[in-house]
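Student: The structure that follows is given in the form of C-alpha cells.
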C-alpha cells in the first residue's frame with residue numbers, strides 16, 4: 088500500500104515554476120493523507136491568497152499527476168487552500184478541464200508556453216550556480232562530461248531534457264535557453280546576466296518562505312538552517 092512518505096517523495100518532483108524549487112521544500116504541502124484503500128488527499132497552501140493563479144494551477148495539476156502515477160494509488164484529490172481562486176482551480180483539476188476550464192471565458196489555451204518560459208529561466212539560473220562551483224576561465228570549452236555531479240547539475244539535466252536540449256556527454260556545458268553554446272568571448276557577460284537571474288529567483292524564494300512562515304505561523308526553513 089502507498090504510504091504518506093511515498094506521496095511526499097513523489098511531490099518532490101513538483102516544482103514551483105516561478106522559483107524552480109520543489110513544493111515540499113518550500114513548505115507548500117499542508118497535509119497528506121492516504122486511506123487503507125489507496126485514496127490520497129493532499130492539501131496545498133501558498134504564501135498569499137493572491138499568488139498568481141496560473142502558477143497555482145500548475146502546482147495543483149502537477150501534484151495530482153505525480154501522485155496518480157504511483158502504483159497502489161486508487162484516487163487522488165489535491166485541494167488548494169486559502170487562495171482567491173481555490174474553488175476554481177481545485178474544481179478544474181478534479182474535473183480535468185485544464186486551466187481554461189478553471190476560468191471559462193477569461194483565458195484561452197493552456198500554460199505550456201508559460202511553463203517553457205520559466206524552465207528556460209531556471210536553466211540559466213542553475214547554470215550560474217554550476218559555473219560558480221566550477222570556477223576557472225575556460226568554461227566555454229567545457230562539455231557536460233566535465234561537470235561534476237551535484238544537485239544543480241542534475242537539475243540542469245532535467246531542465247535540458249524538458250526543453251528538448253542536448254543532454255549527451257559531448258554537449259556544451261553552458262548554453263543559452265535555445266540550446267546554443269555560450270562562446271568564450273560572450274562568457275563574462277553571460278555569467279553576469281545569469282547571476283542576476285539566479286539572484287532574482289533566490290530572492291523571490293526567500294520572500295515566499297517568509298510570507299508562508301508569517302501567514303501560517305510555521306518555522307522559516309532558511310532561518311532554521313541558519
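Residue numbers (this note's numbering): 88 to 313.
Built from N, CA and C at the ideal position, the CB exists for glycine as well.
Hey, how far is the Cα of residue 95 from the Cα of residue 154?
Tutor: For the purposes of this step, residue 95 is taken as the residue at position 8 of the chain shown. For the purposes of this step, residue 154 is taken as the residue at position 67 of the chain shown. When rounded, the distance between both Cα atoms is 9 Å.
Student: Under the criterion of a Cβ to heavy atom distance below 7 Å, does residue 187 qualify as lining the ligand MG?
Tutor: The model depicted lacks the ligand MG and carries no ligand whatsoever.
Student: Looking at the secondary structure, which residues open and close the alpha helix (DSSP H) in which residue 150 lies?
Tutor: In the chain shown, the residue the question calls residue 150 occupies position 63. Segment 140-155, the alpha helix (DSSP H) holding residue 150.
Student: Can you grab the Cα-Cα spacing for the pair residue 281 / residue 93, in whole Å?
Tutor: Looking up residue 281 in the chain shown gives position 194. Looking up residue 93 in the chain shown gives position 6. Between the alpha carbons of residue 281 and residue 93 lies a distance of about 35 Å.
Student: Does the segment 199-217 come close enough to the segment 238-253 to have 3 or more Cβ pairs within less than 8 Å?
Tutor: yes
Student: What are the residues that DSSP puts in a beta bridge with residue 132?
Tutor: The residue labelled residue 132 in the question sits at position 45 within the chain shown. The partner list for residue 132 (beta bridge, DSSP) is empty, contrary to what the question assumes.
Student: I'd like to know if the segment 209-220 and the segment 272-287 are in contact, where contact means that at least 3 CB-CB pairs between them fall below 8 Å.
Tutor: yes
Student: Quick one: is residue 265 buried, meaning 16 or more other Cβ sit within 10 Å of its Cβ, or exposed?
Tutor: Residue mapping note: residue 265 aligns to position 178 of the chain shown, counting from 1. Flag for residue 265 reads exposed.
Student: Please report the straight-line C-alpha distance between residue 219 and residue 293, rounded to a whole angstrom.
Tutor: Residue mapping note: residue 219 aligns to position 132 of the chain shown, counting from 1. Residue mapping note: residue 293 aligns to position 206 of the chain shown, counting from 1. Each residue's alpha carbon lies about 20 Å from the other.
Student: Count the other C-beta atoms from every protein chain shown that fall within 10 angstroms of the C-beta of residue 303, then say buried if there are 16 or more, exposed otherwise.
Tutor: Position 216 of the chain shown, counted from the start, is the residue given in the question as residue 303. Under this definition residue 303 is an exposed residue.
Student: Give me the Cα-Cα distance between residue 109 and residue 131, rounded to the nearest whole angstrom.
Tutor: As a position in the chain shown, residue 109 is number 22, starting the count at 1. As a position in the chain shown, residue 131 is number 44, starting the count at 1. Computed Cα separation, rounded: 12 Å.
Student: Going by DSSP, which residues form a beta bridge with residue 119?
Tutor: Translated into positions along the chain shown, residue 119 becomes position 32. DSSP, once it has assigned bridges, lists 129 as partnering residue 119.
Student: Going by DSSP, name the residue or residues bridged to residue 109.
Tutor: Here residue 109 refers to the residue found at position 22 when the chain shown is read from its first residue. According to DSSP, residue 109 bridges with 102.
Student: Tell me, please, which residues DSSP counts as bridged to residue 231.
Tutor: Translated into the one-based positions of the chain shown, residue 231 becomes position 144. Residue 231 is not bridged to any residue.
Student: Where do the N-terminal and C-terminal ends of the alpha helix (DSSP H) with residue 162 fall, by residue?
Tutor: For the purposes of this step, residue 162 is identified with residue 75 of the chain shown, where counting begins at 1. Note, residue 162: premise wrong, no alpha helix (DSSP H); beta strand (DSSP E) at 162-167.
Student: Should residue 135 be labelled buried (16 or more other beta-carbon atoms within 10 Å of its own) or exposed?
Tutor: Here residue 135 refers to the residue found at position 48 of the chain shown. By the neighbour-count rule (16 or more Cβ atoms within 10 Å), residue 135 is not buried but exposed.
Student: Quick one: is residue 242 buried, meaning 16 or more other Cβ sit within 10 Å of its Cβ, or exposed?
Tutor: As a working note, residue 242 is residue 155 in the chain shown. Buried, by the Cβ-count rule.
Student: Inspect the CB distances between the segment 137-146 and the segment 226-243 and report whether three or more fall short of 8 Å.
Tutor: Touching, no, given that fewer than three Cβ pairs across the two stretches are closer than 8 Å.
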